[in-house]
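Enquirer:
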Amino acid sequence: MHEGLAEADVVVAGGGPAGVGAALAAARAGARVVCCERYGFLGGNFTAAAVGTICGLYRRREDGGFDHVVGGVAREVADRLAEAGAGFGPVPFKETAVFVYTPWAAKRLFDRLLGAQDRLELLLHAPVADAIVRDGRIEALVVATKRGLRAVTGKVFVDCTGDADLAFFAGAPTEVGPPGERQHASMQFLMEQVDSDAAIAATARLGEIVAAHGAHLSRDGGPSSRPCGRASSWER
Ligand SMILES: Cc1cc2nc3c(=O)[nH]c(=O)nc-3n(C[C@H](O)[C@H](O)[C@H](O)COP(=O)(O)OP(=O)(O)OC[C@H]3O[C@@H](n4cnc5c(N)ncnc54)[C@H](O)[C@@H]3O)c2cc1C
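For the sequence shown, my numbering puts the final residue at 238, and the numbers step up evenly by one.
1. Can you list, in chain order, the residues of its chain with a C-beta nearer than 6 Å to that of A172? Leave out the 5 residues immediately preceding and following it.
2. Assign G182 to one of three DSSP states: helix, strand, or coil.
3. DSSP on P92, reduced to helix/strand/coil?
4. I'd like the ranges of any alpha helix (DSSP H) spanning at least 4 consecutive residues and lying wholly in the segment 128–172.
5. A99 and P105 look like a contact to me (Cβ under 8 Å); what is the Cβ gap, rounded to whole Å?
6. Return yes when the Cβ of L122 is within less than 8 Å of the Cβ of V35, no when it is not.
7. DSSP beta-bridge partners for R61?
8. Taking buried to mean at least 16 other C-beta atoms within 10 Å of its own C-beta, is D161 buried or exposed?
9. Kindly list the residues whose CB is nearer than 6 Å to the CB of Q119, restricted to its own chain and excluding five residues on each side of it in sequence; keep chain order.
10. Flag this pair as yes or no: are the beta carbons of L59 and A80 separated by less than 8 Å?
11. Excluding sequence positions up to five away, which residues of its chain have a Cβ less than 6 Å from the Cβ of V75?
12. Skipping 5 residues on each side, what residues in its chain have a beta carbon closer than 7 Å to that of V102?
13. Quick check: the segment 173–185 against the segment 201–211, are at least 3 beta-carbon pairs closer than 8 Å?
14. Which residue wins for smallest C-alpha separation from K157, given the options M3, G6, D11 and H4?
So this is what it looks like as structure tokens:
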């Protein structure tokens, strides 16, 4: 067994949207919680990939309006971002609607939400590198730290790595979908201080312009605007 780093009732691997929800819900229910995140900030793809919209919060009514159909931490995050002027919704999209938000505001919000929990210990820069399994149960996960491998023991473990890392390390069967059926490896990007009208008009030719430079876009979601606290910001 490796030297102990932390111990809790609930150990959450990964601090993306799922990990934030699991860690917060467990701490609020009275459990002692440790959340291990490999990066130096929370949010996973919600912040790191600048995703920028929350899908799945709403259902379209017959009269064309929208109802919230997801509550809990997801609703709380959307409401807190809206209160801070860092998000708005519902914004109609295909058959339903999305909530648009500012990724860097979400990073700060997640820090505040988890930081407010006395029973929750957050370990950043803490990649989970292995699991210690005894009699078919996870006893500890192993975190790679600057001082070497350390154990985080717990009663319950929640795999929120997005890649089933903990399940894999624990020996559970995992599978990867075939190429073409996975999430596009796309990345949103942000531009500031642009001439909005000219930029929106030019986006129709973006693929052509990129092709002229010998590259291509694997996915073209179109432009959208979002609150950012500064003028003239557009996201694609
Ligand atoms: C380009 C792109 C666009 C998207 N667009 C949208 C959208 O518009 N709207 C929408 O609702 N959804 C969108 N999604 C999907 C959305 O981002 C995911 O559904 C969501 O992020 C999943 O959350 P998660 O917490 O399960 O996983 P992730 O967001 O992947 O979070 C996993 C977390 O675990 C950490 N982690 C991973 N491995 C380890 C490890 N071994 N040890 C410690 N930590 C680890 C990661 O650093 C990360 O913080 C998009 C995704 C991408 C990539």
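Every residue gets a Cβ at the ideal spot worked out from N, C-alpha and C, and that includes glycine.
Expert: Based on what the coordinates show:
1. Only residues of its own chain outside the window of five on either side were considered, and among them A133, V135 and I140 have a CB closer than 6 Å to the CB of A172, listed in chain order.
2. Of the three classes helix, strand and coil, the one that applies to G182 here is coil, per DSSP.
3. Note: P92 maps to strand in three-state DSSP.
4. Fully enclosed alpha helix (DSSP H) runs of 4 or longer: 167–171.
5. Between the beta-carbon of A99 and that of P105 there is about 19 Å, and that puts the pair past the 8 Å contact cut.
6. Cβ distance < 8 Å, so V35 and L122 count as in contact.
7. Note: R61 sits in a beta bridge opposite D69.
8. So D161 counts as buried.
9. Contacts found: A29.
10. The Cβ-Cβ distance between L59 and A80 falls below 8 Å.
11. Excluding positions up to five away in sequence, the list reads G23 and L26.
12. So the list reads G54, T55, G89, F90, G91, V93, S226 and R228, once near-sequence residues are dropped.
13. The segment 201–211, when compared against the segment 173–185, does not touch it at the 8 Å Cβ threshold.
14. Measuring C-alpha to C-alpha distances from K157 to each of M3, G6, D11 and H4 identifies D11 as the nearest.
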